[in-house]
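In my numbering, each residue's number is its place in the sequence shown (first place is 1) plus 5. See below for the structure under consideration.
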Amino acid sequence: MATYFSNDFRSGLKIMFEGEPYAIESSEFVKPGKGQAFARVKMRRLLTGSRVEKTFKSTDSAEGADVVDTNMNYLYNDGEFYHFMHPETFEQHQVEAKTVGDSAKWLQDNAECIVTLWDGRPIAVQPPNFIEAEITETDPGLKGDTAGTGGKPATLSTGAVVKVPLFVQIGEVIKVDTRSGEYVSRVK
């Protein structure tokens, strides 16, 4: 793999740090008036999802992580593992529930997800950016009930709970942004 110096660090770059793969979320290169330049880096540990902030000297370097982002279709959950299949090779991977984490509430059958593989082992799952799901449970919106925030919680067919406008009812299909968990629109 390639070697990257700290001034080459960019958002989205995946590097090896302390023997594990990390994804850089933000990097700020600082040149103080006195002293050596350095990079202040925020990165996410790919194995656990935890975030760390680290300072690298301008002379520090890191190896690029040998991770591959692969598009895969979600098949099913057997209680212990989530199963994904590569759409072209039909190769199947089982992913532990703790690796899927909060992404599980956005998974629908045959949804195309991005599965990150490290040494052939799945270490992260990213659901599609937007999903369309049916509302299975929500309070009825009462006419004139606009005091407050103007929204109400709704449970989707995937199990996720999102805040929706008062006019949205049970049985309607809505579009949700999975990155923020916010309602986008109704689906016609």
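Beta carbons are placed, not taken as given, at the ideal position from N, Cα and C, and that holds for glycine. Computed from a prediction, not measured in an experiment: that's the story for all the values here.
Residue j beta carbon less than 7 Å from that of residue i
i, j, result
"H88", "Y81", "yes"
"Y188", "V167", "yes"
"I136", "T104", "no"
"V173", "E139", "no"
"V192", "T121", "no"
"S11", "F61", "yes"
Straight-line Cα distance separating residue j from residue i
i, j, result
"S108", "V169", "20 Å"
"G164", "G24", "36 Å"
"D124", "P145", "50 Å"
"T94", "R50", "29 Å"
"L112", "Y79", "7 Å"
"D83", "G106", "15 Å"
"D74", "S63", "29 Å"
"S31", "E96", "34 Å"
"M77", "S190", "26 Å"
"S16", "D65", "17 Å"
"L171", "D13", "48 Å"
"K180", "A102", "25 Å"
Cβ-based neighbour list, residue i, same chain, cut-off 6 Å, excluding 5 preceding and 5 following
i, result
"L18", "I29"
"E58", "K47"
"E33", "R45"
"H98", "F89, P127"
Close Cβ partners of residue i (< 8 Å) along its chain, the five nearest in sequence each way excluded
i, result
"E142", "A159, T160, I175"
"A7", "E68, G69"
"V35", "A42, F43, A44, R45"
"N134", "D182, T183, R184"
"V100", "F86, Y87, H88, F89, V120, P127, V130"
"F22", "M48, K59, A67"
"G186", "A165, V167"
7 Å CB neighbourhood of residue i in its chain, flanking five on each side removed
i, result
"I20", "Y9, Y27, I29, A67, E68, G69, A70"
"K110", "T163, G164, A165"
Bridge partners - residue i, DSSP secondary structure assignment
i, result
"D182", "F135, E187"
"T98", "According to the sequence displayed, residue 98 carries His and not Thr. Paired residues: F89."
"N115", "DSSP, once it has assigned bridges, lists no residue as partnering N115."
- Count the C-beta pairs between the segment 43 to 57 and the segment 124 to 133 that are closer than 8 Å, then say yes if the count reaches three, no if not. yes
- Task: Check whether the segment 111 to 123 touches the segment 31 to 40, taking contact to mean three or more Cβ pairs, one atom from each stretch, closer than 8 Å.
- Result: no
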